[in-house]
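Just below is one structure, and these are the notes that go with it.
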Amino acid sequence: MDFMADQLSDGRSFRTLNVLDDFNREGLSIEVDMSMPALRVARTLDRIIEWRGKPKTIRVDNGPEYVSGTLQDWAKKRGIALSYIQPGKPQQNAYVEGYNRTVHHEWLGQHIYETIEKARDHATKWLWIYNDERPNMGNGSITPAQKLKLAA
Numbered sequence: 000m001d002f003m004a005d006q007l008s009d010g011r012s013f014r015t016l017n018v019l020d021d022f023n024r025e026g027l028s029i030e031v032d033m034s035m036p037a038l039r040v041a042r043t044l045d046r047i048i049e050w051r052g053k054p055k056t057i058r059v060d061n062g063p064e065y066v067s068g069t070l071q072d073w074a075k076k077r078g079i080a081l082s083y084i085q086p087g088k089p090q091q092n093a094y095v096e097g098y099n100r101t102v103h104h105e106w107l108g109q110h111i112y113e114t115i116e117k118a119r120d121h122a123t124k125w126l127w128i129y130n131d132e133r134p135n136m137g138n139g140s141i142t143p144a145q146k147l148k149l150a151a
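Take 0 as the starting number for the sequence shown in our numbering and just add one per residue.
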C-alpha cells in the first residue's frame, strides 16, 4: 500500500491510500480523504480483510502512518507482518509504485475535483474499471478480476 496526494480546485490538499494485491495487481482500495491517520488506515485494512481474507504480509514504505505504534499494534494483533522497504528505495515496492503511476495518469491527473465527495465517487468508478475492464500487462493482458478467477 502507498499514499498519493493531490488538491481540490480550491487548493485544499487531499490524500489517497492505495492498496494493491501483488498477486493479481488488483486495486483493493483507493481511500480518498483530507487526512489519512493510522487509525483510518487500520479501518480500511479491516474492511478489506472482511471480504478478501487476511494477508500474511503488507509491504509499506516508512511513512509516519506505517511506522506508528497504532498500525504496528494493529498488525501484531492480527498476525500480519509489516514489511518495510528501505528508505529511498521505492523500487522495493514496485507493483504499488507502478499502480500509482497508472492511478495518476488514468484518473487523478485527468480531473480537477471541486469536492472530496466527487473525488471519492470518481475513484470508486475508476477502480472498478481498472479491476474488471482494463487488461493488465503484468497479468498477461487479462484483468485483475480474470486472474483471480483463474487462480480459484
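Even for Gly, the Cβ is constructed at its ideal location relative to N, Cα and C.
Here the structure is a predicted model, which is why all the values come from computation and not from measurement.
Are the beta-carbon atoms belonging to LEU16 and PHE2 less than 8 angstroms from one another? Contact flag set, yes.
Buried or exposed: which applies to LEU107, given that a residue is buried once 16 or more other Cβ atoms fall within 10 Å of its Cβ? Note on LEU107: 16 or more other CB atoms within 10 angstroms of its CB, so buried under the neighbour-count rule.
Pull up the distance between the alpha-carbon of ARG14 and that of ALA150, whole angstroms please. Going from the Cα of ARG14 to the Cα of ALA150 covers about 33 angstroms.
8 angstroms Cβ cutoff met for THR114 and ASN130: For the 8 angstroms CB-CB criterion, THR114 and ASN130 do not form a contact.
What are the residues that DSSP puts in a beta bridge with SER82? DSSP, once it has assigned bridges, lists ARG58 as partnering SER82.
Thinking C-beta only, is LEU81 closer than 8 angstroms to ILE48? No, Cβ-Cβ distance for ILE48 and LEU81 is not below 8 angstroms.
For LEU147, which residues in the same chain have their Cβ closer than 6 angstroms to its Cβ, ignoring the five residues on either side in sequence? So the list reads ASN23, once near-sequence residues are dropped.
Mind checking whether LYS98 and GLY26 have CB atoms under 8 angstroms apart? The sequence shown places Tyr at residue 98, rather than the Lys named in the question. Cβ atoms of TYR98 and GLY26: closer than 8 angstroms.
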